[in-house]
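Everything on this sheet refers to the single structure shown next.
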Amino acid sequence: MERPNKDLSRRQFFNQSIRGASACVAGGVALATLARAAKAGGDSSVNPFSYDVERASRVDPGLIKYEQVKRLSGLAREPRRIAAGPGDSLYIATSTGVDILHRTGAKLAQISTASAARCVAAAEDGTVYIGLRTHVEVFDRQGRQLSTWEAPTKKTWFTGLCVGANDVFAADSANRVVFRYDRSGKLAGRIGEKSQERNIPGLIVPSPYLDVKLGLDGLLRVNNPGRHSVQVFTPAGDLEFSWGKPSLAVDGFCGCCNPVGLALFSDGRCVTCEKGVPRVKVYSAERSFESVVAGPELFRENGRPGQVSDRSDGTLGGLDATVDSQGNVYILDLVAGDVRVMKPKA
Amino acid sequence: MNENVPSSQQPSVNRRQFLRDGTRIAAMTGLGGLLGLMATRSSGQGTVWQIDPQKCLRCSNCATHCVLEQSAVKCVHAFAICGYCQLCTGYFEPEPNDLNTGAENCLCPTAAIKRSYVEDPYFEYTIDERLCIGCAKCVEGCNRFGNGSLFMQVRHDRCVNCNECAISKVCPGDAFRREPASHPYLLKTMSH
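Protein chains in written order, with the numbering used here: chain A, 1 to 346; chain B, 1001 to 1192.
Below is the structure:
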């Protein structure tokens, strides 16, 4: 009688051993792969507490209606404000005074000041008004100092200037007011202060970025960063209207306190500059969002942590802008210390 | 004593007394100076870890790398710098549904920031350090958009002052440094 084959033959034993060993090796490799994948997924470089503004850091390319045609560098240290003057020359307030550039970037002149210039405006006749922290200095077109205007308040911190045919307007962010001077330096009014009688809610300026611009329509545009709006005043100080809303979306003003800078086209359209998520946009004369001049992609350094408020006195982050008679927008990057020339796309 | 000299003409302090008193005073002065010097040196030698707020990059490593279960690094608030914003980007999510204290609107993962009304449109924000885990999320929001009144500091009622701080080893901004124990904090001051 043949014995039932309950025991393994030597060949079967080897075959099954090899199969078992192969399965073990395959399983081990699979586990190692999974472990590696899991480790990659839990990468320690991923910050579980990140402050996520990624959504706002990219702008729909269809909304960007301008293109960079030039980048002007070589400015003096710590530029803060930019303004266009006669002949579309550029006036840039810096830590040492004001750099005057041709729109091509060639340096035309420099006006030195005793302390940092924080804002600047140039009149049609060539007179240059420079806002230092506590006062305004006036220079003629040759750079000779004509006069100094002291502020009527204590703790003044001038951060915005504009000039019209008969008036100079100086924005004092510390006192949350815009002063109206005549061209001789005589104080003629205070604009923007909270007043129930005049139905003015008041300017909210958490950080020193109050700006003022005078339109060809004779009305003043003043940013109200704490209320995420632009307010329109008459030179006499009456509030006409305001517009703007807080939003990380492209049609609003992001963060706690934006916009930080303004510029006006001759047709009444308004350019706004924001910090935190650095971007420059255009709003129509009817106060609706129109287009993007430059998105955060263009200002990587400006939006990076550690670049905005932790240097010097907190006023060296963000952007400022001005426009020339051709409709080009000049964007001053306070962190990179240069100017980007943005031309409307054809 | 010279007995021939009238008592009214004798000096009130003789030479021996003068020398003895002078030596005593000199010894006391020297001892005082020595003690003062020792006290000054002993306090100057003690140092503690601290974060330079100007270098801090708000990376959140303070929350995850401290040897303590809950980090000794906390968010602190310089009220003099604060804008008391209604829409505080250190308190609210970047895109809040509404400006109220609902958890879905708040940035802090442990609800360590308290928001209280001051007057229209101002609000005060205070840090409950018992809840703060040092993640710096609020600090990034405040610094990115606002004045940077929120910042990180090593709190010395918690820090065990390791010889080699585990957070300093991974700090990308090289913001950790030793400070004299007599002046252990690097506080921000008002600029506006």
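We put the CB at the ideal spot given by N, CA and C, even for glycine.
Checklist line | N-terminal and C-terminal residue of the alpha helix (DSSP H) that F1145 of chain B is part of | finding: The sequence position of residue 1145 of chain B within the second sequence is 145, counting from 1. Note, F1145 of chain B: alpha helix (DSSP H), K1137 to F1145.
Checklist line | K65 of chain A, enclosing beta strand (DSSP E) - first and last residue | finding: Indexing the first sequence from 1 puts residue 65 of chain A at position 65. Run containing K65 of chain A: none; DSSP gives neither H nor E here.
Margin query: Residues in the same chain with beta-carbon distance under 7 angstroms from H135 of chain A, minus the five sequence neighbours each way, listed in chain order, please.
Written below: Taking the first residue of the first sequence as 1, we reach residue 135 of chain A at position 135. Counting only Cβ-Cβ distances below 7 angstroms, and skipping sequence neighbours, we find T148, W149, E150 and A151.
Checklist line | Below-8 angstroms beta-carbon distance, G1102 of chain B vs any chain A residue | finding: The residue given as residue 1102 of chain B occupies position 102 in the second sequence. No - not a single Cβ of chain A is within 8 angstroms of the one on G1102 of chain B.
Notebook entry, point to check: So is C1171 of chain B in contact with chain A if we call contact Cβ pairs under 8 angstroms?
Noted result: In the second sequence, counting from the first residue as 1, residue 1171 of chain B sits at position 171. No, no contact with chain A.
Next item on the list: Indicate whether E78 of chain A and T104 of chain A have their beta-carbon atoms separated by less than 8 angstroms.
Entry: Walking along the first sequence from the start, residue 78 of chain A turns up at place 78. Walking along the first sequence from the start, residue 104 of chain A turns up at place 104. No, Cβ-Cβ distance for E78 of chain A and T104 of chain A is not below 8 angstroms.
Item checked: 8 angstroms Cβ cutoff met for A170 of chain A and L161 of chain A -> Working through the first sequence from its first residue, we reach residue 170 of chain A at position 170. Working through the first sequence from its first residue, we reach residue 161 of chain A at position 161. Yes, they are a contact pair.
Check: So N224 of chain A is in the beta strand (DSSP E); what residue range does that whole segment cover?
Finding: Here residue 224 of chain A refers to the residue found at position 224 when the first sequence is read from its first residue. Taken as a continuous stretch (DSSP letters only), the beta strand (DSSP E) holding N224 of chain A covers L220 to N224.
Check: Got a sec? Which residues, its chain only, sit under 6 angstroms from C1082 of chain B by beta carbon, not counting five neighbours each side?
Finding: Position 82 of the second sequence, counted from the start, is the residue given in the question as residue 1082 of chain B. Hits under 6 angstroms: S1149.
Item checked: Contacts that K1137 of chain B makes with chain A (C-beta to C-beta distance below 8 angstroms) -> The residue you call residue 1137 of chain B lines up with position 137 of the second sequence. The contacting residues are F49, S50 and Y51.
Note to self: Starting from C1062 of chain B, trace the alpha helix (DSSP H) in both directions and tell me its first and last residue.
What the structure shows: The sequence position of residue 1062 of chain B within the second sequence is 62, counting from 1. Where C1062 of chain B is concerned, the enclosing alpha helix (DSSP H) stretches over N1061 to H1065.
Margin query: On a Cα-Cα basis, can you pick out the residue from B:T1047, B:G1032 and B:R1024 that is closest to C1159 of chain B?
Written below: Sequence index remark: in the second sequence, residue 1159 of chain B carries index 159 (1-based). Nearest of B:T1047, B:G1032 and B:R1024 to C1159 of chain B, Cα basis: B:T1047.
Next item on the list: Identify, in the order they occur along the chain, each residue of the same chain with its Cβ nearer than 6 angstroms to the Cβ of K155 of chain A, setting aside the five sequence neighbours on each side.
Entry: Taking the first sequence and counting its residues from 1, the one referred to as residue 155 of chain A is at position 155. A174, listed in sequence order.
Item checked: Through-space distance from A84 of chain A to N328 of chain A, alpha-carbon basis -> To locate residue 328 of chain A, count along the first sequence from 1; it is residue 328. To locate residue 84 of chain A, count along the first sequence from 1; it is residue 84. When rounded, the distance between both Cα atoms is 11 angstroms.
Next item on the list: In angstroms with no decimal places, state the Cα-to-Cα distance between N1097 of chain B and A1103 of chain B.
Entry: By one-based count along the second sequence, residue 1097 of chain B stands at place 97. By one-based count along the second sequence, residue 1103 of chain B stands at place 103. Cα-Cα distance, rounded: 11 angstroms.
Note to self: Within 8 angstroms of any Cβ in chain A, is that where the Cβ of F1145 of chain B sits?
What the structure shows: The sequence position of residue 1145 of chain B within the second sequence is 145, counting from 1. Judged by the 8 angstroms Cβ criterion, F1145 of chain B is in contact with chain A.
Check: Which class does F14 of chain A belong to by DSSP, given the choice of helix, strand or coil?
Finding: Here residue 14 of chain A refers to the residue found at position 14 of the first sequence. Three-state DSSP puts F14 of chain A in a helix.
Margin query: If contacts are defined as beta-carbon pairs under 8 angstroms, then Y66 of chain A and P344 of chain A qualify, I think. What distance do you get, rounded to the angstrom?
Written below: Residue 66 of chain A sits at position 66 when you count from the first residue of the first sequence. Residue 344 of chain A sits at position 344 when you count from the first residue of the first sequence. Yes, they are in contact, since the Cβ atoms of Y66 of chain A and P344 of chain A sit about 6 angstroms apart, within 8 angstroms.
Checklist line | Backbone secondary structure at Q1017 of chain B - three-state DSSP | finding: By 1-based counting over the second sequence, the position of residue 1017 of chain B is 17. Here Q1017 of chain B sits in helix by DSSP.
Next item on the list: Determine the contact status of I100 of chain A and A109 of chain A, defining contact as a CB-CB distance below 8 angstroms.
Entry: As a working note, residue 100 of chain A is residue 100 in the first sequence. As a working note, residue 109 of chain A is residue 109 in the first sequence. Yes. Within cutoff.
Next item on the list: Identify the contact partners of S1060 of chain B in chain A, using a Cβ-Cβ distance below 8 angstroms as the criterion.
Entry: In the second sequence, the residue the question calls residue 1060 of chain B occupies position 60. N47, P48, F49 and S50, listed in chain order.
Check: Going along the chain, which residues of the segment 1075-1086 of chain B sit with their C-beta nearer than 9 angstroms to a C-beta in chain A?
Finding: I1081, C1082, G1083, Y1084, C1085 and Q1086
Margin query: For the segment 203-221 of chain A, list every residue whose C-beta sits within 7 angstroms of some C-beta in chain B, in sequence order.
Written below: I204, P206, S207 and P208
Notebook entry, point to check: Under the DSSP definition of a beta bridge, which residues are partnered with K107 of chain A?
Noted result: Locating residue 107 of chain A in the first sequence gives position 107, counting from the first residue. Answer is A:L101.
Checklist line | Residue from A:L146, A:N199, A:P235 and A:L262 whose Cα sits closest to the Cα of S184 of chain A | finding: Sequence index remark: in the first sequence, residue 184 of chain A carries index 184 (1-based). The shortest C-alpha separation from S184 of chain A is found at A:L146.
Next item on the list: Would you decide whether V323 of chain A is buried or exposed? Buried here means 16 or more other CB atoms lie within 10 Å of its CB.
Entry: As a working note, residue 323 of chain A is residue 323 in the first sequence. Result: buried.
Notebook entry, point to check: Given G237 of chain A, which residues of its chain have a CB within under 6 angstroms of its CB, disregarding the five upstream and five downstream residues?
Noted result: Within the first sequence, the letter at position 237 stands for residue 237 of chain A. Counting only Cβ-Cβ distances below 6 angstroms, and skipping sequence neighbours, we find G189 and I191.
Next item on the list: Check the DSSP bridge columns for H1077 of chain B and list the partner residues they point to.
Entry: In the second sequence, the residue the question calls residue 1077 of chain B occupies position 77. In the DSSP output, where bridge partners are listed per residue, H1077 of chain B has B:L1150.
Item checked: Same chain, Cβ closer than 6 angstroms to R227 of chain A, five either side skipped, listed in chain order -> Stepping through the first sequence from its first residue, residue 227 of chain A is reached at position 227. The answer, listed in chain order, is I204.
Item checked: One or two residues paired with R118 of chain A in a DSSP bridge -> By 1-based counting over the first sequence, the position of residue 118 of chain A is 118. Beta-bridge pairing links R118 of chain A to no other residue.
Item checked: CB of C999 of chain B within 8 angstroms of CB of C1138 of chain B, strictly -> Since the displayed chain B opens at 1001 and closes at 1192, residue 999 of chain B lies outside it and no answer follows.
Notebook entry, point to check: Given a limit of 7 angstroms on CB to CB distance, which residues of the segment 258-269 of chain A reach chain B?
Noted result: none
Next item on the list: Assign D320 of chain A to one of three DSSP states: helix, strand, or coil.
Entry: Against the first sequence, residue 320 of chain A aligns to sequence position 320. Residue state, collapsed to three classes: strand.
Check: Would L334 of chain A count as contacting chain B if we go by Cβ distances under 8 angstroms?
Finding: Locating residue 334 of chain A in the first sequence gives position 334, counting from the first residue. No, L334 of chain A does not count as interfacial toward chain B.
Next item on the list: Can you give me, in chain order, the residues of the segment 276-291 of chain A that have a beta carbon less than 9 angstroms from any beta carbon in chain B?
Entry: G276 and V277
Note to self: For C273 of chain A, would you say it is in contact with chain B, using Cβ-to-Cβ distances shorter than 8 angstroms as the test?
What the structure shows: If you number the first sequence from 1, residue 273 of chain A lands on position 273. Cβ-Cβ to chain B under 8 angstroms: no for C273 of chain A.
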